[in-house]
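> Here's a structure for you.
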Amino acid sequence: MDGTRTALVTGATSGLGRATAGLLAATPGWRVLLGARDAGAGDRLAGELGADVVPMDLASLDSVRAAATVAAAQGPLDALLLVAGVQVTRADRTSAEGHELTFAVNHLGHYLLTRELLPHLVAGARVVVVSSGTHFGTLRRSGPFPGPRWGDPRALARPRPGSGQRAYATSKLANVYFGRELARRCPRLSVAVFDPGLMPATGLARSYPAPARALYAVLTPLLARLPFAQTPEQAAAQLVALTTGPAGRSGRYVERGVEAPSSPESADPDRARELWEVSAELVGLPAG
Ligand SMILES: NC(=O)c1ccc[n+]([C@@H]2O[C@H](COP(=O)([O-])OP(=O)(O)OC[C@H]3O[C@@H](n4cnc5c(N)ncnc54)[C@H](OP(=O)(O)O)[C@@H]3O)[C@@H](O)[C@H]2O)c1
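Read in order, the letters of the sequence shown correspond to residues 95 to 382 in the numbering used here.
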């Protein structure tokens, strides 16, 4: 053992994940595994950063299982950074297994990946779940963005008519429940739920219709000046600090680098437990 530590970053080929992978790969003593759904983009980035690729489509549970096998073969993991995410306009799009796409990618795929990798995470390993202030659903925290609408997790996993943005905010609330429940069930890990703030310059709006994307492009420089906005690089520095710095309280919520309360709604341990158990059913694992 040469003392090098290893981190797996999901969504490593764009936005916050890309910035995080770059910064961590440049941090002495750290080696990065790039979770990438686009193998070509993953390979190019791996060449650039001197990293390794873990092909991974979070919208396919089979792909996630295969990714966990590839990652586990690289040796023990010191950090698991769950950064990938999608935001789509409608909640009727589906994953390979027929789950609602946003719930599948932002929560369920990451849940399965984490469960599969638990035996390979070293004691004290850092797990960071990237959530969002949209999980608050208040005008002050989310502006006009629709808030989460929680329900039976089996229903949340079903495609349905309605707003993809609401499904996104709901998936980001699921991220908080998942992070908290993971911390409770696995005290040997150090878990943080991270809100990077608004990062207008990423690819998150890529599946919006062309007119909405054009409007967003015009607004991006203005949005970037809002007090709660950050560049992906600024947010990545905070995420890397959570990974390489002092451990902190497991299960905490960290907003733009500072520990802060998550929404009152997100502090419901029964929902967190139910989400864990139903997610286990959905991916075919025991609750554990
Ligand atoms: N942007 C914001 O204002 C903001 C605010 C709060 C929280 N966040 C959170 O920050 C995280 C990163 O988002 P971002 O803003 O950096 O957006 P982004 O540039 O779109 O990055 C998202 C990443 O997720 C990956 N991804 C999407 N679907 C996937 C799938 N099925 N399987 C595997 N990977 C998949 C994408 O892969 P490709 O590179 O192949 O497309 C991309 O690398 C997300 O969790 C998001 O919810 C963003």
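Where a beta carbon is used, it is the ideal one built from N, C-alpha and C, also for glycine.
Between Pro247, Ala318, Met293 and Phe322, which lies nearest to Ala366 when the distance is taken from Cα to Cα?
The shortest C-alpha separation from Ala366 is found at Pro247.
> In this structure, what does DSSP give as the bridge partners for Leu100?
Note on identity: in this sequence residue 100 is Thr, with Leu being the wrong assignment. According to DSSP, Thr100 bridges with Arg125.
> Looking at Val103 and Gly111, is the spacing between their C-beta atoms short of 7 Å?
Cβ distance < 7 Å, so Gly111 and Val103 count as in contact.
> Could you pull the start and end residues of the beta strand (DSSP E) that Val224 belongs to?
Run containing Val224: Leu215 to Val224, per the beta strand (DSSP E) assignment.
> Just list the residues that DSSP pairs Arg346 with in beta bridges.
According to DSSP, which records beta bridges pairwise, Arg346 is partnered with Ala286.
> Would you kindly work out how many angstroms separate the C-alpha atoms of Ser154 and Thr163, rounded to a whole number?
C-alpha separation (whole angstroms): 14 Å.
> Output the residue ranges of the alpha helix (DSSP H) runs that lie fully inside the segment 263-340 and measure 4 residues or longer, sorted by chain position.
Counting only runs of 4 or more, we get 304-317 and 326-338.
> For ligand 1, any of its heavy atoms closer than 6 Å to the Cβ of Ala153?
Yes - ligand 1 has a heavy atom lying nearer than 6 Å to the Cβ of Ala153.
> Give me, in chain order, the residues of the same chain whose beta-carbon lies closer than 8 Å to that of Pro380; leave out the 5 immediate sequence neighbours on both sides.
Excluding residues within five positions, the ones whose Cβ falls inside 8 Å are Ala374.
> Which of the three DSSP states is assigned to Thr163 in this structure?
Helix at Thr163.
> So for Arg184, helix, strand or coil by DSSP?
Strand, per DSSP.
> Can you round the beta-carbon distance between Thr337 and Ala173 to whole angstroms, since I take them to be within the 8 Å contact cut?
Right, the Cβ-Cβ distance comes to about 5 Å (below 8 Å), so this counts as a contact.
> Give me the Cα-Cα distance between Val182 and Asp96, rounded to the nearest whole angstrom.
C-alpha separation (whole angstroms): 43 Å.
> Expressed to the nearest angstrom, what Euclidean distance is found between the alpha-carbon atoms of Ser157 and Gly129?
Using only the alpha carbons, I get a separation of about 11 Å.
> Could you check if Thr296 belongs to the surroundings of ligand 1, using beta carbon to heavy atom distance under 6 Å?
Result yes, Cβ under 6 Å from ligand 1.
> Taking a contact to mean a Cβ-Cβ separation below 7 Å, would you say Arg350 touches Ala286 in this structure?
In this structure, Ala286 does not lie closer than 7 Å to Arg350 by Cβ.
> Run through DSSP, which three-state label would Val177 get?
DSSP places Val177 in coil when its eight states are reduced to three.
> With which residues is Ser189 paired in a DSSP beta bridge?
Ser189 is not bridged to any residue.
> How big is the Cα-Cα spacing for Pro290 and Arg252?
Their Cα atoms are separated by approximately 28 Å.
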